[in-house]
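Enquirer:
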Amino acid sequence: VSEHGLKKCIRVSAQVSTARLDTRDLDTPRSVPGAQKAKQFVAERLFQISESDLESMEKWNLRRTILSEPERIKPLVLLLGRAHELVNVQELDLRNCQIDADGAKGIASCLIANESLRRVDLRKNEITGDAAWQLATAVLESESIEVYNDIPIKDLRNDSFSALSLRDKSIGNDGVMVVKGLLPNAP
Numbered sequence: 012v013s014e015h016g017l018k019k020c021i022r023v024s025a026q027v028s029t030a031r032l033d034t035r036d037l038d039t040p041r042s043v044p045g046a047q048k049a050k051q052f053v054a055e056r057l058f059q060i061s062e063s064d065l066e067s068m069e070k071w072n073l074r075r076t077i078l079s080e081p082e083r084i085k086p087l088v089l090l091l092g093r094a095h096e097l098v099n100v101q102e103l104d105l106r107n108c109q110i111d112a113d114g115a116k117g118i119a120s121c122l123i124a125n126e127s128l129r130r131v132d133l134r135k136n137e138i139t140g141d142a143a144w145q146l147a148t149a150v151l152e153s154e155s156i157e158v159y160n161d162i163p164i165k166d167l168r169n170d171s172f173s174a175l176s177l178r179d180k181s182i183g184n185d186g187v188m189v190v191k192g193l194l195p196n197a198p
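Residue 39 in the working numbering sits at position 28 of the sequence shown, and the numbers go up by one each step.
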């Protein structure tokens with residue numbers, strides 16, 4: 012994978028994507044308005060655990076949790092993005108959660124700000140259009156994400172793979188854009 016090809020994809024994606032989160036302008040996590048309430052909501056309503064247990068959880072499996080309503084996705088986005096230092100999540104499974112375009116755009120901003128996420132899975136959410144572009148751009152810009160939608164990002168970046176099989180993985184439009192960004196000469 013050439014550096015030029017990756018930069019070209021990011022440039023094209025950035026032109027389509029207008030929502031950007033500049034991490035230099037972020038408040039400290041404890042002073043972010045609503046961060047503590049978001050943490051409480053995510054712990055109690057989405058996981059049914061205590062806030063202290065949430066702080067130590069490295070893998071968040073919210074598969075099939077309906078996140079289409081703004082009151083459910085916004086606290087998650089706030090906690091994973093602007094207040095990400097309040098938790099230690101490294102793996103995020105949001106497969107089949109009915110995430111809409113606004114939720115996907117919010118998650119894209121999290122992927123840019125959150126440096127602890129290593130694995131992210133958003134398959135089976137029907138993310139299309141600008142939201143898919145924003146997610147793909149965020150994944151390509153992230154230095155920490157190693158696997159996205161079961162795509163081995165780290166291996167593709169390092170050119171350390173012999174074969175890439177995406178058969179039956181349902182990587183979604185955002186996943187296709189990520190692969191195309193990492194392998195610009197692929198068909």
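All C-beta atoms, glycine included, are put in the ideal place defined by N, C-alpha and C.
Please read all numbers here as calculations on a predicted model, not as lab measurements.
Counting beta carbon pairs with one atom in the stretch 135 to 146 and one in the stretch 173 to 184, are three or more of them shorter than 8 angstroms?
Expert: Yes, since at least three Cβ pairs between the stretch 173 to 184 and the stretch 135 to 146 fall closer than 8 angstroms, the two stretches touch.
Enquirer: Please determine, among P86, M68, L57, the residue with the shortest C-alpha to C-alpha distance to R75.
Expert: The residue given as residue 75 occupies position 64 in the sequence shown. The shortest Cα separation from R75 among P86, M68, L57 belongs to L57.
Enquirer: Please determine, among K191, F52, T148, D179, the residue with the shortest C-alpha to C-alpha distance to V88.
Expert: As a first step, residue 88 is located in the sequence shown; it is residue number 77 there, counting from the start. When each option's Cα is compared against that of V88, the closest is F52.
Enquirer: Evaluate L177 with the Cβ neighbour count: other Cβ atoms within 10 Å of its Cβ, from every protein chain shown; 16 or more gives buried, anything less gives exposed.
Expert: Counting from 1 along the sequence shown, the entry for residue 177 is found at position 166. Exposed, because fewer than 16 other Cβ atoms sit within 10 Å of the Cβ of L177.
Enquirer: Is it buried or exposed for D64, if we count other Cβ within 10 angstroms and need 16 for buried?
Expert: What you label residue 64 is simply residue 53 of the sequence shown in a count that begins at 1. Flag for D64 reads exposed.
Enquirer: Could you tell me how far apart the beta carbons of E102 and K70 are, in whole angstroms, since I believe they sit closer than 8 angstroms?
Expert: Against the sequence shown, residue 102 aligns to sequence position 91. Against the sequence shown, residue 70 aligns to sequence position 59. Rounded, the Cβ-Cβ distance is 4 angstroms, consistent with contact.
Enquirer: Does the contact criterion of 3 or more C-beta pairs under 8 angstroms hold for the stretch 106 to 113 versus the stretch 124 to 141?
Expert: Cβ pair count under 8 angstroms is three or more, so yes.
Enquirer: Count the other CB atoms, across all protein chains shown, that sit within 10 Å of the CB of D179; report buried if there are 16 or more and exposed otherwise.
Expert: Locating residue 179 in the sequence shown gives position 168, counting from the first residue. Answer is exposed; the Cβ neighbour count stays below 16.
Enquirer: Taking DSSP's pairing of strands, which residues face K70 in a bridge?
Expert: Indexing the sequence shown from 1 puts residue 70 at position 59. For K70, which the question treats as bridged, DSSP gives the partners E102.
Enquirer: With DSSP as the reference, label C108 as helix, strand or coil.
Expert: Translated into the one-based positions of the sequence shown, residue 108 becomes position 97. If DSSP states are grouped into helix, strand and coil, C108 belongs with coil.
Enquirer: What residues in its chain sit with their C-beta under 8 angstroms from that of E154, if we drop five residues either side in the sequence?
Expert: Working through the sequence shown from its first residue, we reach residue 154 at position 143. So the qualifying residues of the chain are E126.
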